[in-house]
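See structure below.
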Amino acid sequence: MAKQGKVEKLAPPITRQYVRELQRQNRMENLGRGWYKFSRNPLSILGAAMVLLVTLLAIFAPWVAPHPDHAEPFTDFGHAHLPPSLEYPFGTDEIGRDILSRVIFGFRLSLWMGVVVLALVVPVGVLLGLIAGYAQGTRVDTIIMRLTDVFLAVPPLILALAIASVLKPNLTNSMVAVSLMWWPWYTRLVYGLASTLRNEFFVSSAETMGASTAHILFRELLPNMISPIFTKMSLDMGWVIIIGSMLSFVGLGVQEPTPALGTMVAKGARFLPDQWWVSIFPALAIVAVVLGFNLLGDGLRDLFAGEEV
Amino acid sequence: MDDEVLIAQDLKKHFVIGYESLMNRRPITVKAVDGVSFRVRRGETLGLVGESGSGKSTIAYMTVGMVQPSGGTLLFRGQDLFANGLKRALPLRKEIQIVFQDPGSSLNPRRTIQQILELPLRIHAPGKDLGQEVVRLLDLVDLPPEYMHKYPQMLSGGEKQIVAIARALATNPSLVILDEPTSALDVSVQGKIINLLIRLQREFDLTYLFITHDLSLMRNVASRVAIMYLGRICEVADAAEFFQFPQHPYTQMLLSSIPVVSEAEEAVKPKKIISTGEIPSPVNLPKGCSFHTRCPQVMDICKHVDPILVGTSAGHTARCHLFEQPVEVTAQGWPT
Amino acid sequence: MSLSAPPRLLEVKDLSVHFKVYSGVLKVLDGVTFSVDAGEKVGLVGETGCGKTTTMKAILRILPIPPAVVPRGEILFQGEDLLRMRPDQMRQVRGPGISMVFQDPTASLNPVFTIGEQLGPVIRYSAPENRGLSRRQIRQKALIPLQDVALADPERLLDAYPIQLSGGMRQRVCIGMALATNPELLIADEPGTSLDVTIQDQVIRLLGELVERKRTSVILITHSLGVVREMTDRVYVMYAGNMVEVAPTRRLFANPLHPYTRGLMEAVPKLTGGGMAMGIPGRLPSYQHPPSGCRFHTRCPHVMPVCRREKPPFFQAEAGHQAACFLYSPEAERHRNEAQA
Chain A
0 MAKQGKVEKL APPITRQYVR ELQRQNRMEN LGRGWYKFSR NPLSILGAAM VLLVTLLAIF
60 APWVAPHPDH AEPFTDFGHA HLPPSLEYPF GTDEIGRDIL SRVIFGFRLS LWMGVVVLAL
120 VVPVGVLLGL IAGYAQGTRV DTIIMRLTDV FLAVPPLILA LAIASVLKPN LTNSMVAVSL
180 MWWPWYTRLV YGLASTLRNE FFVSSAETMG ASTAHILFRE LLPNMISPIF TKMSLDMGWV
240 IIIGSMLSFV GLGVQEPTPA LGTMVAKGAR FLPDQWWVSI FPALAIVAVV LGFNLLGDGL
300 RDLFAGEEV
Chain B
0 MDDEVLIAQD LKKHFVIGYE SLMNRRPITV KAVDGVSFRV RRGETLGLVG ESGSGKSTIA
60 YMTVGMVQPS GGTLLFRGQD LFANGLKRAL PLRKEIQIVF QDPGSSLNPR RTIQQILELP
120 LRIHAPGKDL GQEVVRLLDL VDLPPEYMHK YPQMLSGGEK QIVAIARALA TNPSLVILDE
180 PTSALDVSVQ GKIINLLIRL QREFDLTYLF ITHDLSLMRN VASRVAIMYL GRICEVADAA
240 EFFQFPQHPY TQMLLSSIPV VSEAEEAVKP KKIISTGEIP SPVNLPKGCS FHTRCPQVMD
300 ICKHVDPILV GTSAGHTARC HLFEQPVEVT AQGWPT
Chain C
0 MSLSAPPRLL EVKDLSVHFK VYSGVLKVLD GVTFSVDAGE KVGLVGETGC GKTTTMKAIL
60 RILPIPPAVV PRGEILFQGE DLLRMRPDQM RQVRGPGISM VFQDPTASLN PVFTIGEQLG
120 PVIRYSAPEN RGLSRRQIRQ KALIPLQDVA LADPERLLDA YPIQLSGGMR QRVCIGMALA
180 TNPELLIADE PGTSLDVTIQ DQVIRLLGEL VERKRTSVIL ITHSLGVVRE MTDRVYVMYA
240 GNMVEVAPTR RLFANPLHPY TRGLMEAVPK LTGGGMAMGI PGRLPSYQHP PSGCRFHTRC
300 PHVMPVCRRE KPPFFQAEAG HQAACFLYSP EAERHRNEAQ A
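Chains as they are written, first to last, in numbering that gives the first Met the number 0: chain A, 0 to 308; chain B, 0 to 335; chain C, 0 to 340.
As structure tokens, then:
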């Protein structure tokens, strides 16, 4: 036995390259397994493709859109209310702007809104949830969780409307409004996870060794929650975009002439049903983005479900 | 005095699990540990044996500072472990380490073995070359160094537990609590783990408090054995003496219930005692001796009077009226 | 065994079960063959992951398909192949033919129904003449299985919820329920493992007495050699999806033959003391790339060249005692010489 042990110890010297190679292999194996599970569901692939397409369109809008200048102050009454054609695949609106181009620029705004809101909401919500969940049963827990209850009790759209109407209706303010009502959901999610995970013995082990609270929160607990948080983020992108569109629809979000999908649906609704294309195409665009993110979210959930330990 | 690493005196842990009613706020408590005293000597392995609900794990958790006792004292080399409540100075934490039962739960699945082993080193041995130390620890427990980059789920159950042992040794402790370290593992790997523990004990002069439900295992590992039943210790003895002359009726029932694999073992078991009855709920402990509901030798006194631990021979004590001087019965009945 | 012997109660022949997963095919069961006679108590011993639970699920046809596939094999119960039965025929077999006791009694009883509510349907469908009985009559009949498992105050138990019972009592209820249909065969999967030693002793003893009285055949699946020794007539030892040894219980414990069985016996801590053996070196091989030949050869202290080439069949060592190991082949001498050469 002892002899065998010695031989093993001499075996491969742990050079830095060797360590890197090991890590690379691990990563490839995990990626491969993940892709296999993800790819078994054609809907997740579709979702991922839609999200990717929309993202690319949004990023490269000025180069992709047939009439990029139509996203800016622009009027061409000569081409107003044209039905879909080769020249204008989605038709034109009442002042002659190409709807396809404005939808592509509208994606930009929707995604931008989703990203900013989540970037504000997730860190705050997760941090509060971690603290409250780890401190479950103490006063800290009570304070944080009752606060989230208060925010959850306010009807979300009304809160957003109130904020947007008190402040100036514009993109920034509607993002602030949406963020304010969104963080408690992350707190709730993470709270539930943390209050279960804190009973795991790896947490006890770190505690008895004298590890800092920060270590336990961010190194022991958080890494075990990455999957549900990412899944929720993907699903929430769709929701934030819908809420943003709703706010624009009721006139509290982005103002003309900046192209926002919600505003376009609202403005175009006046011309239904004769000039249907003015509002139906932006509406379908919203459906596409939200559906894409939801399918992707479901796919991510399936993907992570198997590796929960 | 120096010889005794850990001394528990009348240690108690009562968990409040609810209240009688909304009006009557009298707490309903579970007496998980109810007045336990024992001593662990330097270099020995004290086997703390009991069934589920006996309070053995609660004692383990108190010793490492996860649970605050509700009464009594726990002294480590003469220092009160709970002088500052659950807050414990780092040097004291360094001395007492624990290996948990289920390595699947005690190793964070999202951290590499290296990260897991580095944590105690960062806290207790700052300034050392962490990479080197991790390799040294792995070497100590005969795991190849490339394991440091693996995640726990890539390891077998036995290997995970070996990592947990290496982590406990990282701080260079003197007392290690082993909380059923092999009961989640297959019998074919149990031997490897136990022999590793024995080797490490010799190499580093470790003292073990070995929590388990497995008496056969204790026969081969423990130098002394303490039996717990419903939050109390009912028998303590040196291992050799204990297995040869088990005294307490519960111990005898426990020993005779063990399924064994050979005639030779059958011969050393106490003669068959048919185990009867259910283990009472720790919320509603029976009056008198808590074992009297299942005891084949139950006497009238057992239903009324709680026995005390008495010496039956050198280094052998049992909590049973069978070994006490007869109690005088007064006209008013049994003393309560 | 003469040619005119009556058909065995259960006969599993060359059963293979594979699982299709991401990384490939896991060949979990690889030609498992065993049998149970009427009234016989058979033990199936092996460690975690050896395939004993998969075997049991295959017999009951509760394997998740997919990912599981059964590429070959037969499971003859009273002469009929369970693998070829239609689902409705299979329902006839489960219950009156084969019933189950699981490891965790907490998980096998539904927490939101009382014991009586869970026992009632079992009684009602256990025999055709019970279908038409009234609730009250069913309730009366439901007392019998509870009395069978020596539970005090069965009348009150019928109205109790599982959470009000201790673990030992729950397991006894499960045993009573499984035997209420008077099955021909009871499969008990680690029935005492989740219980304390003294309670396990009670439950196992009770189970033994009850099946003896009812003349039910039993397959006891467990990792505990001690429990098998106390309760069974005959033992099969399983390793990595193969049967490696079979013998009458007394013979097996007196004289284990297969190196794996021997290693296992040595590894069990003994009440007689003497220190702990090192156990069996190495670990269970991967089912995706199982070792060639004998699946145990990677851990075997007596490995010979032939073990890597061929899968050992069962070799008869004495009446009823067989080991799947080339050490017991008539040509063992030649194999050993080859190893030395």
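Glycine included, each C-beta is placed from N, C-alpha and C at the ideal position.
- The beta carbon of residue 252 of chain B sits closer than 6 Å to those of 272 and 274, all from its chain and outside the five residues before and after it, given in chain order.
- Selection B/257, B/303, B/241 and B/302 evaluated against residue 316 of chain B yields B/241 as nearest (Cα-Cα).
- By the Cβ criterion, the segment 94-106 of chain A is in contact with the segment 279-291 of chain A, since at least three pairs of Cβ atoms, one from each stretch, lie closer than 8 Å.
- The segment 101-118 of chain C makes no contact with the segment 24-36 of chain C; the number of CB pairs closer than 8 Å stays below 3.
- Secondary structure note for residue 207 of chain B: it is in no alpha helix (DSSP H), and the uninterrupted beta strand (DSSP E) holding it is 206-211.
- Residue burial is scored here from C-beta neighbours: residue 172 of chain A has at least 16 other C-beta atoms within 10 angstroms and is therefore classed as buried.
- Annotation for residue 47 of chain A: 295 place their beta carbon closer than 6 Å to its own, counting only its chain and skipping 5 residues before and after.
- In the displayed model, residue 72 of chain B falls within a strand according to three-state DSSP.
- A residue is called buried once 16 or more other Cβ atoms fall within 10 Å of its Cβ, and residue 86 of chain B, having fewer, is exposed.
- Residue 320 of chain C has C/317 as its beta-bridge partners, per DSSP.
- Contact between residue 140 of chain C and residue 72 of chain C fails: their C-beta atoms lie close to 38 Å from each other, not under 8 Å.
- Considering only B/320, B/73 and B/192, the residue with the shortest C-alpha distance to residue 281 of chain C is B/192.
- Residue 73 of chain C: member of the beta strand (DSSP E) spanning 67-76, first to last residue.
- Burial check for residue 244 of chain B: the Cβ neighbour count within 10 Å stays below 16, so the residue is exposed.
- Under the Cβ criterion (8 Å, minimum of three pairs), the segment 260-274 of chain C counts as touching the segment 213-228 of chain B.
- Nearest in C-alpha terms to residue 179 of chain B, of all of B/207, B/199 and B/211, is B/211.
- A straight line joining the alpha-carbon of residue 273 of chain A with that of residue 267 of chain A spans about 11 Å.
- Judged by beta-carbon spacing, residue 95 of chain A lies within the 7 Å limit of residue 78 of chain A, meaning their Cβ atoms are closer than that value.
- Pairing residue 268 of chain B with residue 257 of chain B, the inter-Cα distance amounts to about 9 Å.
- Distances from the alpha-carbon of residue 225 of chain C to those of C/205, C/200 and C/213 put C/200 closest.
- For the segment 208-220 of chain A, the set of residues with a beta-carbon nearer than 8 Å to any beta-carbon of chain B comprises 208, 209, 210, 214, 218 and 219, in chain order.
- Here the alpha carbon of residue 19 of chain C sits roughly 11 Å from the alpha carbon of residue 286 of chain C.
- At least one CB of chain B lies nearer than 7 Å to the CB of residue 201 of chain A.
- In chain order, 203 place their CB closer than 7 Å to the CB of residue 229 of chain C, counting only its own chain and leaving out the 5 sequence neighbours on each side.
- For residue 161 of chain A and residue 114 of chain A, the gap between their C-alpha atoms comes out near 23 Å.
- Cβ-Cβ separation between residue 219 of chain A and residue 201 of chain A: approximately 6 Å, consistent with a contact (criterion under 8 Å).
- Residue 66 of chain A sits in coil when the DSSP states are folded into three classes, being neither helix nor strand.
- Interface residue (Cβ-Cβ distance to chain B less than 7 Å): residue 204 of chain A is classified as such.
- Residue range 225-248 is occupied by the alpha helix (DSSP H) that includes residue 229 of chain A.
- Take the alpha-carbon of residue 205 of chain C and the one of residue 28 of chain C: they are about 32 Å apart.
- Note on geometry: alpha-carbon atoms of residue 254 of chain B and residue 19 of chain B lie some 38 Å from one another.
- Between the alpha carbons of residue 140 of chain B and residue 43 of chain B lies a gap of roughly 21 Å.
- For residue 30 of chain B, the closest alpha carbon among the candidates B/40, B/246, B/163 and B/285 is that of B/285.
- When the five nearest sequence neighbours on each side are left out, the beta carbons in the same chain lying within less than 7 Å of the beta carbon of residue 149 of chain B are those of 111 and 112, in order along the chain.
- Under the Cβ distance rule, residue 87 of chain A does not count among the residues neighbouring chain C, no pair being separated by less than 7 Å.
- Contacts between residue 46 of chain C and chain B, judged by CB atoms closer than 8 Å, involve 185, 186 and 187 in chain order.
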